[in-house]
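Quick note, the sequences are listed as chains R and B, same order. So that you can map any letter, position 131 of the first sequence is 117 in the numbering used here, and since no number is skipped, the others follow by simple counting. So that you can map any letter, position 203 of the second sequence is 299 in the numbering used here, and since no number is skipped, the others follow by simple counting. Glycine residues also receive a C-beta, built at the ideal position from the N, C-alpha and C atoms. Beneath this line is the structure, given in structure tokens, with notes to follow.
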Amino acid sequence: MTRPRSRIPGTLTACLFAALTALPVHAEDLTMWVRESAADPGKLMVDLWNSSHDSKITLTAIPDNQMVTKLATSAQSGDSPDLVSFDLIYMPDFMKAGLLTDLTEQLTADPNYATHVQAYKDIATYEGKTYGVGFTPDVSVLAWNKDLYQAAGLDPEKGPTTIAEVVDHARKIRALGGDTYGFWFSGSCPGCNIFVTSPMMVAAGSKMLPRNGEDEALTGDGVKLVLEAYKTMWDEGMIPENAEVDTGANFVSAFASGKIGIAGTGGFLISLMKRENPDFNYGLTLLPGAEPGQVSAFVGGDVVAIPAGGKNEAAAREFVSWVLSDEAQLQGLAKNSILTTRTDLADNEFTKGNEKVLTTAQALSVGYVPWVFHFADMVNSDSSPWITMVQTAIFDGDVDGAIETARAEMLAIASK
Amino acid sequence: MSTRRNALVGLAWLTPTLAFVGFFVLWPMVHLVWLSFTSTSLLGGGQWIGLENYRTAFGDPKFWAAFKFTLLYTVVITPLLMGLGLALALLVSPNTPLRRLTRSVVFLPVVIGLASSSLLWFWLFDQQVGLFNQLLVDLGVIDAPVVWFRRAETGLAAVIISVTWKVVGFGMILIMAGIQSIGTDLFEAARIDGASRSLQVRRIILPLAARSLVMATVISVIGSMLAFDQFYLMTGGGPRGKTFTSVYWIYQSGFVRFDLGYSAALSVILMVVIMAMTVLQLRLQSRRRR
């Protein structure tokens, strides 16, 4: 038996092969998951990448509360996306679980990484290895309504610089009466409060979350000071009643309604207001502590990483490097009123003269991000010790008891 | 020979169903029980730890608080759903055009997803923009809009109102099917004998539609014991964790705290409790019939 000879001449086969391999490299097209709440800025970045690169990225928005499950199960089934953008607070748990690819060598050799915001470097490093970079950043700040300040006889160009001033200004604005209130916070939203309330505690000298069972938790005077200030505002009716049950649905809209004097918020407010309500007269300042000059912020947003076992690691690594490039930082982030994640580009052509963006850039440089395992358990869950402490102290009035209970529970979780 | 052949043919016909049930019901159940004896994390890893998860579960005050709340919810909502379902079924069981229309209108919310209906009611109960509050103010029931989810009691009431609106039509249809299966000659005979409507209900409808009533009750109890969406979306477990249901707590353990093994153990406990409750209800009913 002899095998029949191919009817296609060898040269033709070679030409066909060459032609096929010269086609756009669809095999290197990438898949990327992004959490839904950060999908807008993520899409801006991916669109920019796709407009200038041969390998295209297909972006899929994953509901925030499904990201951990999907990533973990995809890793176990060997079906991970090539890239993933997720809430940076999950980084320690993901790194420890071995879900991400080690990028240390690549990033160390990247000159752009040297000026990457320190908070992102810290949160993405575990046992000396780095697993991701900041992708679409956000940071918390304090917003005040200039029109209400003016109406209340306050200086509309000067936001509060201490926690005591927050209370004082809120009281004066509430005195305007009717449905105008001095202050807003989402009382049943753990994530909102770690974002905008905890930085005031940190600014006033507190350490928040324990890294292990032997660490310190909720120490210093800041926690009590801030909780008592909130309790005063709640007791005196400076905060609307529905704040107690708000799970975050009104986190932004309450302030945007124009009926709230002061509220913690994020840098995202700038682009949102520019788009939705460009005439809204408000200012942004750093979240204050007990004394003038004491400030802090929560560095949030998304990090981008490569899931372990990704099928297109080389192209995915190229994207991670590109995220830190001038093009991505300026045309992808700054041009869209989003903060850059490189400190050397914080002051750029797009932020010049924009005091609000410069304030958030400053917040990014002084901000903190807690590097802890079990963040979701300690803070983000609906029954977490963090939100239970906030609610018990402010709405039930037991400040000391709430702090003690939360501290014990946090240490128990951290010791797991 | 023929009997054996028939048996084989019967088995062949049953095979697809057996395979389906085995793959989608029995295997996941076996896997769940196995998981409950491990320390498996959502992020991967874990090992065999025997009964440790069950020991933790029996000493977990938050799980038992959630379980008690679930029981309270079930005890309150089940009679409400069954009572209203029976009343509506009695009202709409005769086949007239207006009654058929009423049936459809009452049944309509059943086809809406529970999550959608919960979100709808969440905003209807809103203090500032909620129509429900406005309606109560206009009717003079309350002086000013209420923050419904500020207290566990009012939060529970709000959820019960929303769920009743959503599912009462299902009970109505089940019970109505039972009523319509009763022969008309019985009612005619009762009427000739001068039996009032209430006497017909007590002596004819309730005894003969009892199977449908029990079935509706069992389904309602199981559904209430597994309540999750409505509390997740409307109360978020608040205030201060007072409206967590058992399934909500299982979700928290597995998907927020990443402790899959422990949440599997809680699921097994809940499954056993629900099975026991269902068997008890069916036994009580069959004893009553005897």
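In three-state terms, what does DSSP make of residue i?
i: M194 (chain R); result: coil
i: M224 (chain R); result: coil
i: N263 (chain R); result: coil
i: S38 (chain R); result: helix
i: S167 (chain R); result: The amino acid occupying residue 167 (chain R) in the given sequence is Tyr; Ser does not appear at that position. Looking at Y167 (chain R) - three-state DSSP - the assignment turns out to be strand.
i: K402 (chain R); result: coil
i: I318 (chain B); result: helix
i: P142 (chain R); result: coil
i: D368 (chain R); result: coil
i: H155 (chain R); result: helix
i: A286 (chain B); result: helix
i: N98 (chain R); result: helix
i: S137 (chain B); result: strand
i: W357 (chain R); result: coil
i: A372 (chain B); result: helix
i: A300 (chain R); result: helix
i: S311 (chain R); result: coil
i: L270 (chain R); result: strand
i: N131 (chain R); result: strand
i: F159 (chain B); result: helix
i: S243 (chain R); result: coil
i: P10 (chain R); result: Residue confidence for P10 (chain R) is low, a pLDDT of 42 falling below 50, so the modelled location carries little weight; the figure read from the coordinates is stated next. Coil.
i: F119 (chain B); result: helix
i: Y117 (chain R); result: coil
i: G287 (chain R); result: strand
For chain B, check one thing: does any of its Cβ atoms lie closer than 8 Å to the Cβ of residue i?
i: V231 (chain R); result: yes
i: S63 (chain R); result: no
i: D79 (chain R); result: yes
i: A58 (chain R); result: yes
i: N366 (chain R); result: yes
i: A392 (chain R); result: no
When you compare each of the options to residue i by their alpha carbons, which one comes out closest?
i: K42 (chain R); options: R:E304, R:L89, R:L74, R:P27; result: R:E304
i: L167 (chain B); options: B:L362, B:L322, B:L215; result: B:L322
i: S71 (chain R); options: R:K132, R:K56, R:L397; result: R:K56
i: L356 (chain B); options: B:I145, B:F116, B:L104; result: B:I145
i: A240 (chain B); options: B:F228, B:Y169, B:M178, B:P157; result: B:F228
i: M187 (chain R); options: R:S401, R:I389, R:M396; result: R:I389
Verify whether the separation of the beta carbon atoms of residue i and residue j is less than 8 Å.
i: V285 (chain R); j: A105 (chain R); result: yes
i: L128 (chain R); j: I248 (chain R); result: yes
i: S342 (chain B); j: F218 (chain B); result: no
i: A185 (chain B); j: M311 (chain B); result: no
i: F336 (chain R); j: A320 (chain R); result: yes
i: R393 (chain R); j: A203 (chain R); result: yes
i: V152 (chain R); j: A229 (chain R); result: no
i: L211 (chain R); j: I149 (chain R); result: yes
i: G114 (chain R); j: H102 (chain R); result: no
i: V376 (chain R); j: T251 (chain R); result: no
i: K217 (chain R); j: A100 (chain R); result: no
i: K342 (chain R); j: I256 (chain R); result: yes
With a threshold of 8 Å between beta-carbons, can residue i be considered close to chain R, or not?
i: K158 (chain B); result: yes
i: G334 (chain B); result: yes
i: V243 (chain B); result: yes
i: L366 (chain B); result: no
Could you work out which residues of chain B lie near residue i, taking near to mean beta carbons separated by less than 7 Å?
i: T55 (chain R); result: L138, F351
i: L85 (chain R); result: L139
i: D363 (chain R); result: V352, R353
i: S174 (chain R); result: G332, G334
What does residue i touch in chain B if you count any residue whose Cβ is under 8 Å from its own?
i: V122 (chain R); result: According to the sequence provided, residue 122 (chain R) is Thr. The question's Val does not apply to it. What T122 (chain R) touches in chain B: nothing, since even the nearest Cβ is about 23 Å away.
i: T378 (chain R); result: R336
i: T374 (chain R); result: R336, G337
Cβ closer than 7 Å: which chain R residues qualify as neighbours of residue i?
i: Q223 (chain B); result: E227, N228
i: R246 (chain B); result: E230, V231
i: F340 (chain B); result: S369
So residue i contacts chain R; which residues on that side make the cut at Cβ distance below 8 Å?
i: Q348 (chain B); result: S367, D368, S369
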